[in-house]
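Undergrad: Just so you know, the sequences run in chain order A, B and C. Position one of the first sequence corresponds to residue 92 (this note's numbering), numbered consecutively onward. Position one of the second sequence corresponds to residue 3 (this note's numbering), numbered consecutively onward. Position one of the third sequence corresponds to residue 206 (this note's numbering), numbered consecutively onward.
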Amino acid sequence: MRKVAVIGVGMTKFGELWHASFRDLMIEAGVRALEDAGIGGDDIQAAYVGNMSAGRFIQQEHVGALIADYSGLAPIPCTRVEAACASGGLALRQAWMDVASGLHDIVIAAGIEKMTDVLAGAAIETLATAADQEWEAFVGATFPSLYALMARRHMYEFGTTEEQMAAVAVKNHNFANMNPYAQYHIQVTVEKVLKSPPVAKPLKLLDCSPISDGAACVVLAPAEQSRKYTDTPVLIEGSGHATDTLGLHGRKSLVGLEATVRASREAYKMAGIEPSDVHVAEVHDCFTIAEIMAIEDLGFCKKGEGGKFTEEGQTNLGGKVVVNPSGGLKGKGHPVGATGVAQVVEIVHQLREEAGKRQMEGAEIGLTHNVGGTGATVVVHIFRRMT
Amino acid sequence: MSGAVPRFWREIPARYNLIGSKCERCGKVFFPPRNLCPDCRRKGNVRPYKLKGRGRILSLTQVHVPAPGFEKQVPYYLALIEMEEGPRILAQLTDVGQEPVDIGDEVEIVFRRISESGEIINYGFKARPVKFSSQKSGS
Amino acid sequence: MRAGIVGYGVYIPIYRIKIAEIAKVWGGRTGGLGLEEKSVAGPDEDTATMAVEATRNALARAQVDPKDIGAVYVGTESPPYAVKPAATIVAEAIGATPETTAADWEFACKAGTAAVQACMGLVLSGVIKYGVAVGADNAQCRPGDALEYTAAAGAASYIIGKEEEALAIIEGTYSYTTDTPDFWRREGKPYPAHGGRFTGRPAYFKHIISAAEGLMRKFDLSVDDFDYAVFHQPNAKFPLEAAKELGLPKEKVLPGLVVGKIGNTYSASSMMGLAAVLDKAEAGQRILMVSYGSGAGSDAFSLLVTERIKEKRNLAPTVEHYLNRRVLIDYGTYSKLKYLVAE
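Below, the structure is given as structure tokens:
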């Protein structure tokens, strides 16, 4: 398998984008990525697009073909990839496999979700299709309630506090305020988080990522060809993908995601690195507790210490590893299928030293962590600035 | 969820009577029922197995923003329960009363209305904290 | 050869509202009825769910194989569906399916005892081994109507078999039925209507007393032969008045009078009162039980408690257990549960 590099990235702003349709978002993100890569549409040979549920959100399936058509890219092969909220990360992996295998050279990995064309209740119901329909959604479980069950158990086993979870929200909103593409530009304090209305205890409104529209797109090329297109190619050094039981009730652990451990170890092994080598990471903070569990499962800190690690500032600029400098799902927004690819956009900016006030100084190795459902799918990628 | 009559009718034995599965080769008990034992797969021999209906709370949450169809019950409790026979189930708590419910509390499974699909009422299992109502004799 | 009760069980929802709370909202008087509180079904309960728990309790006492149950009958005036019986839901939930007959019964508050009589017939004729007869209701009432002060929710279930397995033998039954329009509900209407004071003398009292007297005449019994008397309980006054007229001292009626704490559970009412007595009665004691259903009719029974009661009664929760299990709610919560529908 040959090495693959990212030669261009682009994304739309994330938010409630009333003016933009699904088709509008895809074009906007795609055009930015192509301009960043300095290539034309004729250069693209294949596309993989992550999208969780266009069928329920905009009554449209067959979106692979739709995107090829509207991007003017038809007749290239365009594949829609679905793994709930990990659709984007998984689309990247498929695109990486395509180039690494030698099947194609220039391939797009994109992600897109248009969530606000339906009422909030319908959006919530659709998000719940990432959980076990027969045995979780059926008994009244919502997505926040499932993560709340993990949060409560994490608090019980390790003494994690609601203040520590709130610290994740504060950090990520701070970063979002420095990110022009982020959905939220608001001031969040620990007190504001603790006072926000309960959603599913102990999770409150400000512990939860929002419903958003958005798209993101990256362009991949064989590493050996990448300097033709850009002075700052970013190598994909590792990729990992693991599954676990769909429902929480089947898991071995309620305080972490085994799939994160497996997928990240596969990626670390492929990249030849240790968790402590990672400088900057975009992890899946659909809820504040999710980031706490992620930094533990990824090996940045010990199991149970994620709350303390965060509270001490170890995941902020100047800490051991900068986590979610884009603002994360929490501050940047979470258009489900787009998230996994937007994480790559941020890491590439960080490794190219283009992240402005969010820049982690001297970032060389970055990681993206994308979760589907409550952890039934996890996709991890590792990136290194190409020297 | 309207019109999905056969989908929910098919699961009545599990939802009404806690009929799960047991792999006769390795002895593991599953609920909800499984067609294949994940460890033994085709070498396994999976048969119906009825759970007794007693367990302990592993984690719980009080839901304030409801799933569609559950508005009338807000706030309601969801709990992950470890059943006596081993499997874990997710269920709503019912008859909680005023006293707090906590991790470690014993629950018993009871028969209640869960939801509606169109005009069909879906019945199934919920968990009732034992400290508010024991199935032991006249207490 | 006689039939008997092989197992019995009840269920009362946990929620209660004070009658005084209802009176506060509607400006009514409460004193006359003798009720303190009534039971209110929770948002996840209905006639079928209550009937299931009551029957599971009855099965726990009966200790029979559910596959040997040959009939499952639910008597109710508030079934979850107008067409699709609660009885099949109960039959499935107790493991009696598929080899059983089933149906829902309607005769206002005496549908359950009518089902008991049918089970007696099927058992005694050898058609079935055991039959389940349930009286269960989540009673409807128009907000602010007099009935709101009493209409409650509950279930009582009886497993009928042969006398050699019974914890109480049914020595005999006698019914008194006429076409009397004291209380009714037309198809499609959400709430019942009633004839006000007409529901008293010509309805409740006429049928209860005639049935009791008819039973005693037919089986050559007198009021002195009975240790307990259980009547249908639309309020706390009527049963005591009926007892007085029959010459029964009120001490024989009080053990089976549960309406003061939980209200009128309609089809479960007299059957719940009987269960309260069975929770206390000793072997050899005799119980008079008379149900009443508007429309109108009464089923009277003479029951003889056997030795088996001692070992059986503690195998499931008693009426007292459910009476003590209560959470008080206010009128707002009660309204939400009973009247307001979240779409």
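Glycine included, each C-beta is placed from N, C-alpha and C at the ideal position.
Buried or exposed, going by whether 16 or more other CB atoms sit within 10 Å of the CB of C:Gly461?
TA: Burial call: buried.
Undergrad: So, helix, strand or coil for A:Arg476, using DSSP?
TA: It is a strand residue.
Undergrad: Under DSSP, the beta strand (DSSP E) around A:Ala333 begins and ends at which residues?
TA: Here the beta strand (DSSP E) through A:Ala333 covers 325 to 334.
Undergrad: Starting from the beta carbon of C:Val532, find every residue of chain B whose beta carbon is closer than 9 angstroms, and list them in chain order.
TA: Within chain B, the residues near C:Val532 are Asp97, Val98, Gly99, Gln100, Phe134.
Undergrad: Cα-Cα, which of C:Gly239, C:Glu226, C:Lys334 is closest to C:Pro271?
TA: Closest option to C:Pro271, Cα to Cα, is C:Lys334.
Undergrad: Against chain C, does B:Tyr51 count as a neighbour if the rule is that its beta carbon must be under 8 angstroms from one of theirs?
TA: With 8 angstroms as the cut-off, B:Tyr51 does not count as an interface residue toward chain C.
Undergrad: Just mark C:Trp310 as buried or exposed, buried being the case when its beta carbon has 16 or more other beta carbons within 10 Å.
TA: C:Trp310 is buried by the Cβ-count criterion.
Undergrad: With a cut-off of 8 angstroms, does the C-beta of C:Ala253 fall near any C-beta of chain B?
TA: Closer than 8 angstroms to some Cβ of chain B, the Cβ of C:Ala253 qualifies, so yes.
Undergrad: By the 10 Å Cβ neighbour count, where 16 or more other Cβ atoms means buried, how is B:Lys138 classified, buried or exposed?
TA: Because B:Lys138 carries a pLDDT of 37, less than 50, the predicted location of this residue cannot be relied on, and the following value inherits that uncertainty. Looking at its Cβ environment, which holds fewer than 16 other Cβ atoms inside 10 Å, B:Lys138 is exposed.
Undergrad: To the nearest angstrom, how far is the alpha carbon of C:Gly349 from that of C:Ala441?
TA: C:Gly349 and C:Ala441: Cα-Cα distance of roughly 20 angstroms.
Undergrad: Suppose the cutoff is 6 angstroms on Cβ atoms and the five residues either side in sequence are ignored; what does the same chain contact list for A:Thr468 look like?
TA: Excluding positions up to five away in sequence, the list reads Ala174, Ala177, Thr334.
Undergrad: Would the beta-carbon of C:Gly468 fall within 8 angstroms of that of C:Phe312?
TA: In this structure, C:Phe312 does not lie closer than 8 angstroms to C:Gly468 by Cβ.
Undergrad: In chain B, what lies closer than 8 angstroms to A:Ser300 by C-beta?
TA: What A:Ser300 touches in chain B: nothing, since even the nearest Cβ is about 14 angstroms away.
Undergrad: DSSP three-state call for B:Met3: helix, strand or coil?
TA: With a pLDDT of 48 at B:Met3, under the threshold of 50, the modelled position of this residue cannot be trusted, and the question is left open.
Undergrad: Is C:Phe403 buried or exposed, if buried means 16 or more other CB atoms sit within 10 Å of its CB?
TA: Exposed is the call here.
Undergrad: Is the number of C-beta pairs between the segment 283 to 293 of chain A and the segment 47 to 58 of chain B that are closer than 8 angstroms three or more?
TA: The segment 283 to 293 of chain A, when compared against the segment 47 to 58 of chain B, does not touch it at the 8 angstroms Cβ threshold.
Undergrad: May I ask you to list, following chain order, the residues of the segment 332 to 348 of chain A that have a beta carbon less than 9 angstroms from some beta carbon of chain B?
TA: Result list: Thr336, Gly338, Leu339, His340, Gly341, Arg342, Leu345.
Undergrad: How many Å lie between C:Ile534 and C:Arg221 at the Cα?
TA: The straight-line gap from Cα to Cα measures roughly 6 angstroms.
Undergrad: Flag this pair as touching only if the segment 316 to 324 of chain A and the segment 455 to 474 of chain A have three or more C-beta atom pairs under 8 angstroms; answer yes or no.
TA: Contact fails: fewer than three Cβ-Cβ distances are below 8 angstroms.
Undergrad: Could you give the distance in angstroms between the alpha-carbon of C:Gly329 and the alpha-carbon of C:Ile364?
TA: With the sequence shown as reference, residue 329 of chain C is identified as Leu, and Gly is not the correct amino acid for it. Approximately 14 angstroms, taken between the alpha carbons.
Undergrad: Please tell me whether C:Ala259 has its Cβ less than 8 angstroms away from any Cβ of chain B.
TA: C:Ala259 does not count as touching chain B.
Undergrad: Can at least three beta-carbon pairs, one atom from the segment 140 to 147 of chain A and one from the segment 195 to 204 of chain A, be found at a separation below 8 angstroms?
TA: With the cut-off at 8 angstroms, the segment 140 to 147 of chain A and the segment 195 to 204 of chain A touch.
Undergrad: Chain B partners of C:Ala298, CB-CB under 8 angstroms?
TA: Ordered by position in chain B, the residues that pass the 8 angstroms Cβ test against C:Ala298 are Tyr18, Asn19, Phe113, Tyr125.
Undergrad: Just how far apart, CA to CA, sit C:Gly214 and C:Phe436?
TA: If you take the alpha carbons of C:Gly214 and C:Phe436, they lie about 18 angstroms apart.
Undergrad: Please check if any C-beta of chain A sits within less than 8 angstroms of the C-beta of B:Leu145.
TA: A query on residue 145 of chain B cannot be resolved here, the shown segment of chain B reaching from 3 to 141 and no further.
Undergrad: Closer than 8 angstroms between beta carbons: that is the criterion. Which residues of the segment 65 to 80 of chain B meet it against chain C?
TA: Those residues of the segment 65 to 80 of chain B that come within reach of chain C (Cβ to Cβ, closer than 8 angstroms) are Glu73, Lys74, Gln75.
Undergrad: So, at 8 angstroms on beta carbons, what are the nonlocal neighbours of A:Glu403 in its own chain, with the 5 sequence-adjacent residues on each side left out?
TA: Answer for A:Glu403: Gly410, listed in chain order.
Undergrad: Let me check understanding here. Comparing Cα to Cα, which of C:Gly340, C:Ala373, C:Tyr278 lies closest to C:Leu509?
TA: Of C:Gly340, C:Ala373, C:Tyr278, the residue nearest in Cα terms is C:Ala373.
Undergrad: Could you check if A:Asn415 is buried or exposed, using at least 16 other CB atoms within 10 Å of its CB as the buried criterion?
TA: A:Asn415 comes out buried.
Undergrad: Below 8 angstroms between beta carbons: does that hold for C:Val532 and B:Gln100?
TA: Yes, they are a contact pair.
Undergrad: So what's C:Leu549 in DSSP terms, helix, strand or just coil?
TA: Within the shown structure, residues of chain C are numbered from 206 to 548, placing residue 549 of chain C beyond reach of any answer.
Undergrad: Could you compute how far the alpha carbon of A:Gly447 sits from the alpha carbon of A:Ser417?
TA: Their Cα atoms are separated by approximately 11 angstroms.
Undergrad: Do we get a CB-CB distance below 8 angstroms when we pair B:Ile59 with the residues of chain A?
TA: Taking Cβ atoms only, chain A never reaches closer than 8 angstroms to B:Ile59, which makes this a no.
Undergrad: Between C:Thr254 and B:Tyr125, which are expected to be in contact by the criterion C-beta below 8 angstroms, what is the C-beta distance as a whole number of angstroms?
TA: Their Cβ separation, rounded to whole angstroms, is 7 angstroms, which keeps C:Thr254 and B:Tyr125 in contact under 8 angstroms.
Undergrad: Give every residue of the same chain whose Cβ lies closer than 8 angstroms to the Cβ of C:Glu304, excluding the five residues on either side of it in the sequence, and list them in chain order.
TA: The residues are Lys272, Gly275.
Undergrad: When burial is assigned at 16 or more other CB atoms within 10 Å of the CB, is B:Asn145 buried or exposed?
TA: Summary: the structure shown does not reach residue 145 of chain B, with chain B confined to residues 3 through 141, and so no result is reported for it.
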